[in-house]
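Using the working numbering, the first residue of the sequence shown is number 182, and each one after it goes up by one.
Beta carbons: idealized from backbone N, C-alpha and C, even for Gly.
These notes concern the structure reproduced below.
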Amino acid sequence: MGPTPTLESIRSRRPSWDEYFMGIAHHVASRSNCSRRHVGAIIVVGRSIVSTGYNGTPMGVRNCFEGGCIRCASDAPPGQGYDTCTCVHAEANAMLLAARHGTAIEGGILYSTLRPCFSCLKEAIQAGIQEIVFDSGSPYEDELEEAYQSLRAESGMRMRRLEHTS
């Protein structure tokens, strides 16, 4: 048997709450049935996970990888063809599944592996999410980014990209 771990060695390898929750969001993303991108999201209230979601087709609809999404089955370039996409975003799925099960998310924190889109930002504001923490994603171009930041600021939504410590 090796040496007994010190309190300092335990602290040094223990993830922060943000790292812990984002790690779980990444694991949730592995359930995605989207054939283009896997995104995961969780909602945390009082350091307890109350809902999870990943991107994919609605319940009862063929999975994306089975041809359930017209856009994903096409050769539409990134950023185009979203009017034919049947996938529900991970963030929306987490909020909708909470509602479906009667779980309160007001005042919660939404962790997402990808920066939420404009629609998911609006929905999070409406659902009473107080903060969004995301792992990756780029700003929109010019006017849309300005509208995104204006909505975020006016609503008081706190949003930050996770800073990794390891």
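Next item on the list: Kindly indicate which three-state DSSP category M203 falls into: helix, strand or coil?
Entry: helix
Note to self: By the three-class DSSP mapping on this structure, what secondary structure does T265 have?
What the structure shows: helix
Check: Nearest-angstrom Cα distance between R339 and I205?
Finding: 21 Å
Next item on the list: Name the residue from E287, G318, R252, M276 whose alpha carbon lies nearest to the alpha carbon of C268.
Entry: R252
Notebook entry, point to check: Does the segment 274-294 come within contact of the segment 221-235, defined as at least 3 CB pairs closer than 8 Å?
Noted result: yes
Next item on the list: Could you tell me which uninterrupted beta strand (DSSP E) segments, each at least 3 residues in length, are contained entirely in the segment 262-343, listed from first to last along the chain?
Entry: 290-295, 312-317, 339-342
Next item on the list: Let me know the secondary structure DSSP gives V209 once reduced to three states.
Entry: helix
Margin query: Whole angstroms are fine: how far does the CA of C266 sit from the CA of F246?
Written below: 13 Å
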